[in-house]
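Below is one structure, written out as structure tokens, with a few remarks after it.
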């Protein structure tokens, strides 16, 4: 019982995995919310066909899943022939061991996770934006509000219920993170990218 809790909280690997999971959450969740909300606000004024295209384009990575995307990103992060190091080489920058060095492996996992977590929130935010009554926006226009003012003082505040839902679901999703770590880093090096579920 109690001795198991004492033992686990004295385990440095568990503490590292717990710390990483909290940091993953603090990095990925706000980034997902900000990126997906900005993209939703950019897509919202477009026509129905354009909206449908972008909805599909951003949602497909989420359907593909972490395992498939991890395989693609393994190629991108490859230290010898990967796309990232090729681009760095064009600027005469030394290649980086993206998934085999401690500072970079954590951020590599964050980048991969972001590629498939923004799709669903974009659709949710677009649905929320579509539900905002036009007369409220018209009233703001009559009162002299600019486009940015309508976004920050009308649209975003009215998206609060959707925002809370996205925050909750994304937090749960990041706390369950394991497949990307399994495919990319195996929690290494030295548990620098480990998470609670993977551990």
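In my numbering, the protein residues as written are 23 to 221.
Every residue, glycine too, gets a C-beta built ideally from N, C-alpha and C.
Taken in chain order, the complete alpha helix (DSSP H) segments of 4 or more residues contained in the region 63-117 are 70-99, 105-112. The continuous stretches of alpha helix (DSSP H) do not include residue 167, and DSSP gives it neither H nor E. Distance from the CA atom of residue 186 to the CA atom of residue 68, rounded to whole angstroms, is 25 angstroms. Distances from the alpha-carbon of residue 148 to those of 202, 111, 177 put 177 closest.
Per DSSP, the continuous alpha helix (DSSP H) segment holding residue 136 begins and ends at 124-139. Rounded to the nearest whole angstrom, the CA to CA distance from residue 202 to residue 154 is 36 angstroms.
Of the other Cβ atoms in all chains shown, fewer than 16 fall within 10 Å of the Cβ of residue 26; this residue is therefore exposed. Judged by DSSP secondary structure, residue 183 falls within the alpha helix (DSSP H) whose first and last residues are 182-197.
Residue 140 is positioned such that its CB atom lies closer than 7 angstroms to that of residue 54. Using a 10 angstroms sphere on the CB of residue 30, the tally of other CB atoms stays under 16, which defines it as exposed. The DSSP-derived three-state label of residue 220 is coil. Distance from the CA of residue 207 to the CA of residue 171, rounded to the nearest whole angstrom, comes to 44 angstroms. A distance below 7 angstroms separates the beta carbons of residue 127 and residue 215.
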